[in-house]
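Asker: Using my numbering, the first residue of the sequence shown is number 3, and each one after it goes up by one. Backbone N, C-alpha and C define an ideal beta-carbon position, used for all residues, glycine too.
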Amino acid sequence: MRLFPAPVHSNLQSLCLRSPGLTVGYAPVIGLDILTFPHLTGLELVNLAFGRDTSTERFILRHKATLRRLEVIDCLMVCNELEVVGRKEDNRWEMPRTWEDTFDGFRKELGCLQEIEVWEYGYGRYKKYLLLDVKVYREQEDADAAALQELESVVKRRRDEEL
């Protein structure tokens with residue numbers, strides 16, 4: 003099945019993938035692994051799932067040579083299992099993939115990125131993770147926020163240097 007006709011596929015410069023009211027990409031899975039747009043400069047993602055078992059981040063990084071603008075709106079990191087990390091006596095658990103990991107990857111890999119916007123909606127503390135019986139610790143939330151600030155700072159510096 004072809005999602006986009008060949009002419010659109012090769013010339014597409016801006017794309018919005020939106021799922022109203024339901025986070026998709028994990029269940030149901032969407033096949034972003036088969037899509038590449040050689041001229042994609044702008045990407046907006048709304049209500050998509052990120053995580054180790056999704057293709058969302060790989061799709062973004064596959065466009066690192068051309069992607070200049072990225073918007074991540076109301077997306078969630080899927081965590082359905084935990085891994086034990088650190089020393090055994092600490093008995094500390096950690097998520098296999100975090101927003102901190104994702105933002106650090108974007109900062110390192112997306113060298114052409116000139117604009118980044120990350121929006122979260124909600125009441126009180128924002129929900130950033132789709133968790134199955136897993137608690138996100140305040141330290142991880144702080145690390146996620148710091149990684150996002152660092153990504154935004156690097157992107158702003160790139161944009162300012164280009165002007």
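For LEU153 and chain B, any beta-carbon pair shorter than 7 angstroms?
Answerer: Of the chains in the structure shown, none is chain B; there is only one protein chain.
Asker: Assign THR38 to buried or exposed, taking buried as 16 or more other Cβ atoms, counted over all protein chains shown, within 10 Å of its Cβ.
Answerer: For this step, residue 38 is matched to residue 36 along the sequence shown. By the 10 Å Cβ count, THR38 comes out exposed.
Asker: With DSSP as the reference, label LEU112 as helix, strand or coil.
Answerer: Against the sequence shown, residue 112 aligns to sequence position 110. The answer is coil: DSSP assigns LEU112 none of H, G, I, E or B.
Asker: Give the secondary structure of GLY124 by DSSP, where H, G and I count as helix, E and B as strand, and everything else as coil.
Answerer: As a first step, residue 124 is located in the sequence shown; it is residue number 122 there, counting from the start. Because GLY124 sits at a pLDDT of 49, beneath the cut-off of 50, its placement in the model cannot be relied upon, and the following sentence gives the value as read from the coordinates. Correct three-state label for GLY124: coil.
Asker: Which word fits TRP121, buried or exposed, when buried means at least 16 other C-beta atoms lie within 10 angstroms of its C-beta?
Answerer: Counting from 1 along the sequence shown, the entry for residue 121 is found at position 119. With fewer than 16 Cβ atoms within 10 Å of its Cβ, TRP121 is classed as exposed.
Asker: With DSSP as the reference, identify every bridge partner of LEU78, one or two as the case may be.
Answerer: On the sequence shown, residue 78 is found 76 positions in, with the first residue counted as 1. Note: LEU78 sits in a beta bridge opposite ALA51.
Asker: How long is the line joining the alpha carbons of PHE108 and LEU50, rounded to whole angstroms?
Answerer: Indexing the sequence shown from 1 puts residue 108 at position 106. Indexing the sequence shown from 1 puts residue 50 at position 48. Answer to the nearest angstrom: the Cα atoms are 17 angstroms apart.
Asker: On the DSSP bridge assignment, give the partners of GLY44 in chain order.
Answerer: One-based indexing of the sequence shown puts residue 44 at position 42. SER16, ARG71.
Asker: If I follow the unbroken alpha helix (DSSP H) through PHE61, where does it start and stop?
Answerer: Translated into the one-based positions of the sequence shown, residue 61 becomes position 59. It spans 58 to 64 - the alpha helix (DSSP H) in which PHE61 sits, taken as one unbroken run.
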